[in-house]
Amino acid sequence: MTRTAADNLTPATAPSHNLHRIVVVGGGAGGLELVTRLGDTLGRRSRADIALIEKARTHLWKPLLHEVAAGSMDVSRHELDYLAQAYWHRFRYRFGEMIGLDRARHLVHLAANLDDEGRLITPERSVGYDTLVIAIGSVSNDFGTPGVKEYAICLDTPDQAQRFNRRLVNACLLAHTQAEAVRPGQLHVAIIGAGATGTELSAELHRTVRGVVAFGLDKIDPDKDIKITLVEAADRIVPMLPARLSHATTRLLGELGVEVRTSARVTEVRRDGVQLAGGEFIPSELVVWAAGVRGPEVLKSLDGLEANSASQLVVRPTLQTTRDDDIFALGDCAYLVQENETRPIPPRAQAAHQQASFLRRQIPRRLNGQPIEPFRYRDFGSLVSLGEFSTIGTLMGFIAGKGLLIEGYFARLMYRSLYKMHETALHGPFKVTLDTIARAMTRRTEPHVKLH
Ligand SMILES: Cc1cc2nc3c(=O)[nH]c(=O)nc-3n(C[C@H](O)[C@H](O)[C@H](O)COP(=O)(O)OP(=O)(O)OC[C@H]3O[C@@H](n4cnc5c(N)ncnc54)[C@H](O)[C@@H]3O)c2cc1C
69 MTRTAADNLT PATAPSHNLH RIVVVGGGAG GLELVTRLGD TLGRRSRADI ALIEKARTHL
129 WKPLLHEVAA GSMDVSRHEL DYLAQAYWHR FRYRFGEMIG LDRARHLVHL AANLDDEGRL
189 ITPERSVGYD TLVIAIGSVS NDFGTPGVKE YAICLDTPDQ AQRFNRRLVN ACLLAHTQAE
249 AVRPGQLHVA IIGAGATGTE LSAELHRTVR GVVAFGLDKI DPDKDIKITL VEAADRIVPM
309 LPARLSHATT RLLGELGVEV RTSARVTEVR RDGVQLAGGE FIPSELVVWA AGVRGPEVLK
369 SLDGLEANSA SQLVVRPTLQ TTRDDDIFAL GDCAYLVQEN ETRPIPPRAQ AAHQQASFLR
429 RQIPRRLNGQ PIEPFRYRDF GSLVSLGEFS TIGTLMGFIA GKGLLIEGYF ARLMYRSLYK
489 MHETALHGPF KVTLDTIARA MTRRTEPHVK LH
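Here our numbering is used: position 131 in the sequence shown is 199, and no number is missing along the way.
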């Protein structure tokens, strides 16, 4: 395919030759895998000019964020520098946030970047494309609930997860050093939304808060002063799991001392806690909002592309957007209901991974003038990690298409394997094996919770 758009690129953004320009916006679970694999193939053979537009400087796989929030993971050990990844895998990294699109001129508009002191890092600019893949993920959906923006913390980015962890450790330090006794609610955490994120966070927090206190904060009595409440509007937690596993998870959390509140709808988040629809108030110093996701605001009106009410781009089975053949979307920001299904493909890392693998094969076909095949999502099941206590979930398609309920060590291995697949797509199996061994060795000599 030849370039289709005349554009007015600045020298810094202009490709050096007349190759087909593939631009991926968003270097997350799906986008970074795609751009890395395209760079390794089409980029390396100089068959296309591959670029990644990304508003962050480093990548951290999003399903790890609850571990960052709980303080059981050191971000620096798992984050990846986009600039280095681009250099190693033959794609260009364009640092910036997509704020608009010009479909007629095939341009993506990027906002200017300023540093903490207001100095310009990169100016407002535009990047030209021939094939565009939008993979900008999702943000937490507060469903218009008052007080969420002001008083709750969402787990959309590593910065938010680290901010939560700092506030948690600070709350423990204050409780330990203040003259008066620990007041009710002072070390309480309310987690709103008992999907995988909220449930995993509650179990992980139970362990790490006790870990922090065990480092000598002996004025705090973990069993009396620390309380974690998981609040869910539906009548059971982890609704994507079968009822039996959902009940088993509730039981396990109960044994840990996590209070699980189902059929409880939050009507307001306040500075000092959470108001429920029935009039009850749950006092809590920290509130985490994990009650669902929607597409980022920019997708609402992106030069006429079709978006649903949750600001996700509506795509066809080829993952092309409904109104533009040159623009694809994948992962959390894409909306697709497959043939013979009633529900859309869920916003999960395994969906983003499968769609990235699909487009890695289909984009070269498109360049060769071949038709694009339809994407088919395979649900391999859902696993929920309850920290070191257990992992619980389903594996699909093992026995004549039926689901298999799994728990314990095997489930834990399977849970970790999704991250290993992501890392392997980014670095190859050799480096992943070395990294895994190195992390296992250093874990023995470091605290298992983050204390700063
Ligand atoms: C705590 C937690 C636990 C989870 N656990 C699981 C799990 O166990 N299993 C599972 O399958 N899924 C899990 N998920 C869901 C999973 O993380 C997402 O489905 C997955 O990350 C989606 O991948 P993506 O590529 O669509 O988007 P993301 O991975 O979110 O990546 C989007 C990227 O786009 C960038 N971006 C955003 N806006 C712009 C813009 N305007 N311009 C430029 N760049 C932009 C972001 O910085 C980011 O790098 C979990 C999520 C969370 C928060």
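We put the CB at the ideal spot given by N, CA and C, even for glycine.
Quiz prompt | Own chain, CB closer than 7 Å to residue 311, minus 5 neighbours either side, in chain order | solution = So the qualifying residues of the chain are 304.
Self-check item: Cβ-Cβ distance between residue 206 and residue 363 below 8 Å
Solution: Yes; because the gap between Cβ atoms is below 8 Å, this pair is in contact.
Quiz prompt | Residues near residue 238 by beta carbon distance below 8 Å, same chain, minus five either side | solution = There are no such residues.
Quiz item: Between which two residues does the beta strand (DSSP E) harbouring residue 197 extend?
Solution: No beta strand (DSSP E) holds residue 197; DSSP gives it neither H nor E.
Quiz item: Going by the beta-carbon positions, is the gap between residue 176 and residue 398 smaller than 8 Å?
Solution: With a cutoff of 8 Å on beta-carbon distance, residue 176 and residue 398 are scored as not near each other.
Quiz item: Between 327, 344, 326, which lies nearest to residue 334 when the distance is taken from Cα to Cα?
Solution: Checking every option, the nearest Cα to that of residue 334 belongs to 344.
Practice problem: Would you mind stating whether residue 342 and residue 258 have Cβ atoms separated by less than 8 Å? | Solution: Contact: yes.
Quiz item: In whole angstroms, what is the alpha-carbon distance linking residue 231 and residue 204?
Solution: Rounded to whole angstroms, the separation of the alpha carbons of residue 204 and residue 231 is 22 Å.
Quiz item: Does the Cβ of residue 166 lie closer than 7 Å to at least one heavy atom of ligand 1?
Solution: Checking every heavy atom of ligand 1 against the Cβ of residue 166, one is found closer than 7 Å.
Exercise. State buried or exposed for residue 199, treating a residue as buried only when at least 16 other CB atoms are found within 10 Å of its CB.
Key: Residue burial annotation: residue 199 is buried, with at least 16 other C-beta atoms found within 10 angstroms of its C-beta.
Quiz item: Excluding five sequence neighbours on each side, which residues of the same chain lie with their C-beta closer than 6 Å to the C-beta of residue 261?
Solution: The beta carbon of residue 261 is closer than 6 Å to those of 358, 359 in its chain, skipping five residues each way along the sequence.
Quiz item: Between residue 435 and ligand 1, is the CB less than 7 Å from at least one heavy atom?
Solution: Every heavy atom of ligand 1 is 7 Å or more from the Cβ of residue 435, so no.
Self-check item: residue 313 CB to nearest heavy atom of ligand 1 below 7 Å
Solution: It does not: the Cβ of residue 313 is nowhere closer than 7 Å to a heavy atom of ligand 1.
Quiz prompt | DSSP beta-bridge partners of residue 122 | solution = Answer by DSSP bridge pairing, in chain order: 163.
Self-check item: Contact set for residue 243: own chain, Cβ-Cβ below 8 Å, skip 5 residues either direction
Solution: Setting aside the 5 residues that flank it on each side, residue 243 is surrounded in the same chain by 250, 254, 255, 285, 287, 288, 293, each with a C-beta closer than 8 Å to its C-beta; the list follows chain order.
Self-check item: Coarse secondary structure for residue 501, derived from DSSP in three states
Solution: Residue state for residue 501 is assigned as helix, using DSSP reduced to three classes.
Quiz prompt | Short Cβ contact (8 Å threshold) for residue 354 with residue 236 | solution = Cβ atoms of residue 354 and residue 236: closer than 8 Å.
Quiz item: Closest by CA to residue 493, which one among 307, 424, 384, 482?
Solution: Here the closest residue by C-alpha is 424.
Self-check item: Under the three-state DSSP convention, the category residue 357 falls into
Solution: Note: residue 357 maps to strand in three-state DSSP.
Self-check item: Exposure of residue 400, with buried meaning 16 or more beta-carbon neighbours within 10 Å
Solution: Buried, by the Cβ-count rule.
Quiz prompt | Under the three-state DSSP convention, the category residue 405 falls into | solution = The answer is coil: DSSP assigns residue 405 none of H, G, I, E or B.
Quiz item: Less than 8 Å separating the beta-carbons of residue 196 and residue 181?
Solution: It is not a contact, given that the beta carbons lie outside the stated cut-off.
Practice problem: Kindly list the residues whose CB is nearer than 8 Å to the CB of residue 327, restricted to its own chain and excluding five residues on each side of it in sequence; keep chain order. | Solution: If we look at residue 327 and ignore the five residues flanking it on each side, its Cβ neighbours are 295, 296, 297, 298.
Exercise. Starting from residue 295, follow its DSSP beta bridges and name the residues at the other end.
Key: Looking at the DSSP assignment, residue 295 forms a beta bridge with 256.
Exercise. With a floor of 4 residues, list each alpha helix (DSSP H) that falls wholly inside the segment 309 to 362, ordered by position along the chain.
Key: Runs found: 311 to 324.
Exercise. Evaluate residue 439 with the Cβ neighbour count: other Cβ atoms within 10 Å of its Cβ, from every protein chain shown; 16 or more gives buried, anything less gives exposed.
Key: Burial check for residue 439: the Cβ neighbour count within 10 Å stays below 16, so the residue is exposed.
Quiz prompt | Among 319, 277, 154, 135, nearest to residue 228 - alpha-carbon criterion | solution = Put simply, of 319, 277, 154, 135 the residue whose alpha carbon is nearest the alpha carbon of residue 228 is 135.
Exercise. Would you decide whether residue 380 is buried or exposed? Buried here means 16 or more other CB atoms lie within 10 Å of its CB.
Key: Classification for residue 380: buried.
Quiz item: Could you check where the alpha helix (DSSP H) with residue 386 kicks off and where it finishes?
Solution: Unbroken run through residue 386: none, as it is neither H nor E.
Exercise. Quick one: measure Cβ to Cβ for residue 367 and residue 395, integer angstroms, because I've assumed they're closer than 8 Å.
Key: No, residue 367 and residue 395 are not in contact; Cβ-Cβ is about 12 Å, not under 8 Å.
Quiz prompt | Contact belief for residue 269 with residue 137 at Cβ below 8 Å, rounded distance in angstroms | solution = The C-beta distance from residue 269 to residue 137 rounds to 6 Å, short enough to meet the 8 Å contact threshold.
Quiz item: Within the present structure, is the beta-carbon of residue 400 separated from the nearest heavy atom of ligand 1 by less than 7 Å?
Solution: Yes, the beta carbon of residue 400 sits closer than 7 Å to at least one heavy atom of ligand 1.
Quiz item: Any idea what DSSP makes of residue 448, helix, strand or coil?
Solution: When DSSP states are grouped into helix, strand and coil, residue 448 belongs to the coil group.
Quiz item: Just to confirm, does residue 296 get its C-beta within under 7 Å of one of the non-hydrogen atoms of ligand 1?
Solution: Not one heavy atom of ligand 1 is found less than 7 Å from the C-beta of residue 296.
Quiz item: Ends of the beta strand (DSSP E) at residue 431?
Solution: Annotation for residue 431: no beta strand (DSSP E) segment contains it, though the alpha helix (DSSP H) segment containing it runs 417 to 435.
Quiz item: Are the segment 154 to 172 and the segment 111 to 124 in contact at 8 Å, needing three or more beta carbon pairs?
Solution: The answer is yes - the segment 111 to 124 touches the segment 154 to 172, with three or more Cβ pairs under 8 Å.
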